[in-house]
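> The following block contains the structure, expressed as structure tokens.
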Amino acid sequence: MAERPDPSTEQIGLLDEAEEDENWDIVVPPLSPFAGHETRGIISSAEYADDAPLSDSDNKIKVSEVFEHHPEDNNASNDNPGYFTRVSTGNVNMASSGYSIIKSITEGAQHIGHKLIQAYYQDDTAILHRSITKTCQLILNIVRKYNGQNNILVQKEWLNETEYLLQNKVLTVGVFGRHNAGKSTLLNALLYHEVLSVADTNETAFVLRIYHKPRNHHGSSCFENTEQSLSMKDQETEGHRSIRKTIKRKNSGIREKGATIDVDELEAHVPFLCRCSTGDINIVLLDTPGLSESNELGISEVSEHQLMTCAVYVYVISSQQLEDSIDTDSLRAIVKRDPNAFAERRIIIAVTRLDQYSTTTSEDESSDPDSESDDESKPAKDDEEEIIKRIHSIKEVIQRQCKCLGVPIPDDCIIPLHATGALEARKKMINLRVKKKEPDQESKLSTANERDKISQVPLLEEKLIEIATNSHYLWHYNIVRDCTKYCDQAMEKLDGSKKEFIKHERGLN
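In the numbering used here, the protein residues as written are 36 to 544.
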């Protein structure tokens, strides 16, 4: 039999490649004869004595316990000392410690049940690349291999989504919010066009991936070419009007006729992303209903694994919903999965309808001279002190309402804005750019630019640009975070199954 290659060599293939090579040892133990029941033939390598009491501390092993620290091996972790400490305890190096992870999963299966079952297992373990991404792919392969048709370890949709992000080098910015929060209007403002339909009824009934499509501007303004870049992927639908009709028709079909809920893809030129370099990482805006959507259509199940595998989150809420409609359930789920998201400024709370928020009484509102004007000869702006007062009040309300999350929400993670004002201003800018030179064109363009600035949407874009600049690091972190979670989840379930088998064996003896 050929000598097994050293695990550190870069030429070693992934799990499936290894299994196909007849000259190699079998890399992964075969399936358990209990296949179809509570477990497959993998389990953590915790040793136990027949007479030892069963306890969680003795029988549960998490991935973090088998990581080792090898600081000299991986540039990514050297450059970012906290890179892996956020996904488990201790200073972790995924590339060097992956061998221990897979060994913990794949060996030790002989400890399940009766000793005669030991004949079905082998001690050989998977061989890993030193590359972080290839190690993550191998983890996905192994978890999927032992997952079975009943998804006994991890729901396959989660594995599929992480594998999609890994293989396509996609970093997702999840945009979510409750009904009538202004999410579609905000996304339209970021795209400079009314692409997504806006209505009083809840429009978002499926997940939409919005891919940024870079363009060469050749001296023109970035936003002037946005219309030509709009198209539904894998469909002959172009232009914002046709796309809006297609999306509206699909939403109606899902809500009224119970059509299949799935994921669609839109290619668009997103102007603010042109201002940062993302290398080979593809930035995708994910338009999702959020986890609080009515479950009658099964929308929450579809959006859950999409949203929870994002690296960045934009939670959209209307200023009119602050007191009773903050989706703390979704935020709590995100914080539980990604505890440092707020501290690292990867969750942004965008509060729409800043123009409608008031810190005064209803009597004051009726005579409020600062309400938005229809006169486009000058920007519709409030007194600067009033704007500051509104923003401060909104931040106080959100921080008070979200104390239940158990983590502080930094001030700069909350951005009150006027999405409708930004969208109208940006549409005006495009119209003025494409028209022939007019006497007052520059004045009108300056007015539209000022309206856009007052809307606070450019501030949100600046925050997202800061995040996108670190896209390569965040993409790696996101993949490692999720693969580590899947390992922990699989090992926790298998440890539970092991304890049941041990109890059963002791009962027979």
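Beta carbons: idealized from backbone N, C-alpha and C, even for Gly.
1. Quick one: give me the first and last residue of the beta strand (DSSP E) that VAL319 is part of.
2. Mind checking GLN184: buried by the 16 CB within 10 Å criterion, or exposed?
3. For VAL432, which residues from the same chain have a beta carbon less than 8 Å from its beta carbon, with the 5 sequence-adjacent residues on both sides left out?
4. Three or more C-beta pairs closer than 8 Å, one from the stretch 529-540 and one from the stretch 339-346: is that the case here?
5. How would you call ILE423, buried or exposed, if buried means at least 16 neighbouring beta carbons within 10 angstroms?
6. Are GLN524 and LEU194 close, meaning C-beta to C-beta below 8 Å?
7. Specify the secondary structure class of ARG244 as computed by DSSP and reduced to three states.
8. From the DSSP output, which residues share a beta bridge with ALA385?
9. Suppose the cutoff is 8 Å on Cβ atoms and the five residues either side in sequence are ignored; what does the same chain contact list for LEU222 look like?
10. Could you name the residues of the same chain whose beta carbon sits closer than 7 Å to that of ARG425, not counting the 5 residues immediately before and after it, in chain order?
11. Keeping to the same chain, check which residues put their C-beta closer than 7 Å to that of SER329; ignore five residues upstream and five downstream.
12. Is the separation between the beta-carbon of ALA346 and that of THR207 shorter than 8 Å?
13. By how many angstroms is the C-alpha of ILE177 removed from the C-alpha of ARG39?
14. Give a yes or no on whether the C-beta atoms belonging to ILE174 and TYR521 are separated by under 8 Å.
15. Could you pull the DSSP bridge partners for LEU206 from this structure?
16. Let me confirm a value: LYS218 is counted as buried when at least 16 other C-beta atoms fall within 10 Å, else exposed. Which label applies?
17. DSSP three-state call for GLY212: helix, strand or coil?
18. Around the C-beta of ASP446, are 16 or more other C-beta atoms found within 10 angstroms, so that it is buried, or is it exposed?
19. Since ALA385 and TYR350 should fall inside the 8 Å C-beta cutoff, what is the C-beta to C-beta distance between them, to a whole number of angstroms?
20. Kindly indicate the opening and closing residues of the alpha helix (DSSP H) around SER532.
21. So, under 8 Å CB-CB, ILE32 and LEU308 are touching, yes? Tell me the CB distance rounded to an integer number of Å.
22. What do you reckon, are the CB atoms on LEU201 and ILE514 nearer than 8 Å?
23. Are ALA216 and SER353 touching if we call contact CB-CB under 8 Å?
24. Closest to VAL492 by CA distance: which of THR363, HIS453 and SER428 is it?
25. So which of ARG486, ILE167 and ASN544 has the shortest CA-CA distance to MET464?
26. Quick one: grab the DSSP three-state call for GLU379.
27. How is the alpha helix (DSSP H) around HIS228 delimited, first residue to last?
28. Beta carbon of HIS304, beta carbon of LYS248: below 8 Å?
29. Can you say whether ARG541 is buried or exposed, counting buried as having 16 or more other CB atoms within 10 angstroms of its CB?
30. Going straight from the alpha carbon of LEU543 to that of SER166, what length do you get?
31. Specify, as a first and last residue, the run of the alpha helix (DSSP H) that LYS180 falls within.
32. With 16 as the cutoff for other CB atoms within 10 Å, does ASP475 come out buried or exposed?
33. Assuming ILE382 and CYS448 form a contact by the criterion Cβ under 8 Å, report the distance between their Cβ atoms to the nearest whole angstrom.
34. Is it right to say LYS498 is buried, meaning 16 or more other beta carbons lie within 10 angstroms of its own, or is it exposed?
In short:
1. Along the sequence shown, read from residue 1 onward, the residue named residue 319 stands at position 284. Counting along the chain, the beta strand (DSSP E) containing VAL319 begins and ends at 317-322.
2. The sequence position of residue 184 within the sequence shown is 149, counting from 1. When all chains shown are included, GLN184 counts as exposed.
3. Position 397 of the sequence shown, counted from the first residue, corresponds to residue 432. Excluding residues within five positions, the ones whose Cβ falls inside 8 Å are LEU357 and GLU358.
4. no
5. Here residue 423 corresponds to residue number 388 of the sequence shown, with the count starting at 1. The residue in question, ILE423, is exposed, as its Cβ has fewer than 16 Cβ neighbours within 10 Å.
6. Taking the first residue of the sequence shown as position 1, residue 524 is located at position 489. Taking the first residue of the sequence shown as position 1, residue 194 is located at position 159. Cβ distance not < 8 Å, so GLN524 and LEU194 don't count as in contact.
7. Reading the sequence shown from its first residue, position 209 is the one you call residue 244. It is a strand residue.
8. Here the question's residue 385 lines up with position 350 in the sequence shown. VAL351 and ILE450.
9. Taking the first residue of the sequence shown as position 1, residue 222 is located at position 187. Within the same chain, LEU222 has close Cβ partners VAL210, VAL230, LEU231, ILE245, LEU320 and ASP322.
10. Locating residue 425 in the sequence shown gives position 390, counting from the first residue. The residues are LEU389, TYR392, THR394 and PRO451.
11. Here residue 329 refers to the residue found at position 294 when the sequence shown is read from its first residue. Only weak support is given to the placement of SER329: the predicted model assigns it a pLDDT of 49, under 50, and the value that follows is read from those uncertain coordinates. Closer than 7 Å at the Cβ level, and outside the excluded window around SER329, lies no residue.
12. Taking the first residue of the sequence shown as 1, we reach residue 346 at position 311. Taking the first residue of the sequence shown as 1, we reach residue 207 at position 172. Taking 8 Å as the Cβ cut-off, ALA346 and THR207 qualify as a contacting pair.
13. By 1-based counting over the sequence shown, the position of residue 39 is 4. By 1-based counting over the sequence shown, the position of residue 177 is 142. Legend: pLDDT at ARG39 = 38, less than 50; position of this residue unreliable, no value from coordinates given.
14. As a first step, residue 174 is located in the sequence shown; it is residue number 139 there, counting from the start. As a first step, residue 521 is located in the sequence shown; it is residue number 486 there, counting from the start. Cβ distance < 8 Å, so ILE174 and TYR521 count as in contact.
15. Locating residue 206 in the sequence shown gives position 171, where the first residue counts as 1. Residue pairing by DSSP places LEU206 opposite ILE318 in a beta bridge.
16. In the sequence shown, the residue the question calls residue 218 occupies position 183. Result: buried.
17. Here residue 212 is taken as the residue at index 177 of the sequence shown, counted from 1. Of the three classes helix, strand and coil, the one that applies to GLY212 here is strand, per DSSP.
18. Position 411 of the sequence shown, counted from the start, is the residue given in the question as residue 446. It is exposed - the Cβ of ASP446 has fewer than 16 other Cβ atoms within 10 Å.
19. Within the sequence shown, the letter at position 350 stands for residue 385. Within the sequence shown, the letter at position 315 stands for residue 350. With a Cβ gap of about 7 Å, ALA385 and TYR350 count as contacting.
20. If you number the sequence shown from 1, residue 532 lands on position 497. Counting along the chain, the alpha helix (DSSP H) containing SER532 begins and ends at 506-543.
21. In the structure as shown, the chain starts at 36 and stops at 544, and residue 32 therefore has no counterpart that could be examined.
22. Taking the sequence shown and counting its residues from 1, the one referred to as residue 201 is at position 166. Taking the sequence shown and counting its residues from 1, the one referred to as residue 514 is at position 479. Yes.
23. Against the sequence shown, residue 216 aligns to sequence position 181. Against the sequence shown, residue 353 aligns to sequence position 318. Yes, the pair counts as a contact, with Cβ atoms nearer than the cut-off.
24. The residue given as residue 492 occupies position 457 in the sequence shown. Nearest option by C-alpha distance: HIS453.
25. Here the question's residue 464 lines up with position 429 in the sequence shown. Measuring from the Cα of MET464, the nearest candidate turns out to be ARG486.
26. By one-based count along the sequence shown, residue 379 stands at place 344. Correct three-state label for GLU379: coil.
27. Locating residue 228 in the sequence shown gives position 193, counting from the first residue. No alpha helix (DSSP H) holds HIS228; DSSP gives it neither H nor E.
28. For the purposes of this step, residue 304 is taken as the residue at position 269 of the sequence shown. For the purposes of this step, residue 248 is taken as the residue at position 213 of the sequence shown. Yes, the Cβ-Cβ distance between HIS304 and LYS248 is below 8 Å.
29. Position 506 of the sequence shown, counting from 1, holds the residue named residue 541. Exposed: under 16 other Cβ atoms inside 10 Å.
30. On the sequence shown, position 508 is the one that residue 543 refers to. On the sequence shown, position 131 is the one that residue 166 refers to. If I take the Cα positions, the gap works out to 46 Å.
31. On the sequence shown, residue 180 is found 145 positions in, with the first residue counted as 1. That run of the alpha helix (DSSP H) goes 167-180.
32. Position 440 of the sequence shown, counted from the first residue, corresponds to residue 475. With fewer than 16 other Cβ atoms within 10 Å, it is exposed.
33. Position 347 of the sequence shown holds residue 382. Position 413 of the sequence shown holds residue 448. Going by Cβ atoms, the distance from ILE382 to CYS448 rounds to 6 Å, so yes, they are a contact pair.
34. Within the sequence shown, the letter at position 463 stands for residue 498. So LYS498 counts as buried.
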